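Trainee:
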Amino acid sequence: AFFALDSYSLMLFGGFFLGIAGTAFAVGVPFVNAWFPPEKRGLAVGIFGAGMGGTAISALTTVPLSEDLGRTAPFLITAVVLAVYAVVAWLVMRDAPGRVAPTTSLATRLAANARLPITWQASLLYAVAFGGYVAFSVFLPTYLKTAHGLEPADAANRMAGFVVVAVLMRPVGGWLSDRLGSIPVLSASFAVVTACAAIAAQNPPVTSADGSNLTLGTV
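Right, here's the structure in full:
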């Protein structure tokens with residue numbers, strides 16, 4: 663994507679292919695699930711999902727790398743890291759013992775899943791939960807810069823803090839789901855999200871009167 667820095671259309675084109683890497687999450691969840699019994703899958707998937715902490719690393723390093731090494735540096739470093747991980751995954755990762763490969767076609771399996779109400783219910787919940795997380799992590803730096811006048815580095819650091827909190831809660835949520843069940847944990851989570859959204863809608867300050875930072879306003 664570094665060749666498209668001056669073209670929005672080419673940036674979208676490069677972002678599309680970069681987004682393909684996101685399919686690793688869709689593949690990784692069932693991959694991890696297969697290695698654990700149902701009563702331990704919440705914590706296992708939560709730990710796996712904590713890998714989203716890479717977003718925080720990106721937020722903390724992108725601006726300094728761009729300023730010190732040029733705008734192409736973050737893209738090139740990301741490409742190298744992905745290539746190295748692909749090699750390591752190919753050499754190390756294995757399917758869980760006893761895995762049975764599907765015998766029906768992809769279209770048949772998709773149609774069967776589409777007929778299940780839980781498929782659409784879970785999709786809606788996931789769109790709100792994870793979709794909201796992604797949207798907020800992407801938009802937060804822009805919001806902090808435009809609405810509160812923060813410097814790019816400060817806005818990126820605050821976004822990183824938001825991501826760190828979210829990432830740390832993934833294993834906690836999985837652990838609670840293993841013990842309390844998924845429905846109570848989801849209900850409590852969405853209640854907290856609703857309350858936080860109502861607070862955020864009031865546009866709380868992110869700096870005090872003397873100009874010092876306030877973490878609460880960002881969170």
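Counting from 663, one number per residue, gives the positions in the sequence shown under this note's numbering. We put the beta carbon where it would ideally sit given N, CA and C, even for glycine. Since this is a predicted model, take the numbers as computed values, not measurements.
#1: If the criterion is Cβ atoms closer than 9 Å, does the pair L722 and A818 meet it?
#2: Between V725 and A815, which are expected to be in contact by the criterion C-beta below 8 Å, what is the C-beta distance as a whole number of angstroms?
#3: For the alpha helix (DSSP H) containing T717, name the first residue and the last one.
#4: What's the C-alpha gap between V868 and L787?
#5: Can you grab the Cα-Cα spacing for the pair V790 / L672, in whole Å?
#6: On the three-state DSSP scale, how would you describe E701?
#7: W645 to L812, Cα distance in whole Å?
#8: Please report how far the alpha carbon of I739 lies from the alpha carbon of R733, in whole angstroms.
#9: Can you name, in chain order, every residue of its own chain whose Cβ lies under 6 Å from the Cβ of M714, other than the five neighbours on each side?
Mentor: So, from the listed chains and residues:
#1: Yes, the pair counts as a contact, with Cβ atoms nearer than the cut-off.
#2: Under the criterion of beta carbons closer than 8 Å, V725 and A815 qualify as touching, at roughly 5 Å.
#3: According to the DSSP assignment, T717 belongs to the alpha helix (DSSP H) that extends over G716 to L731.
#4: Their backbone Cα atoms lie some 30 Å apart in a straight line.
#5: One C-alpha to the other measures close to 29 Å.
#6: Residue state, collapsed to three classes: helix.
#7: Residue 645 is absent from the structure shown; the chain starts at 663 and stops at 881.
#8: C-alpha separation (whole angstroms): 11 Å.
#9: Contacts found: V829.
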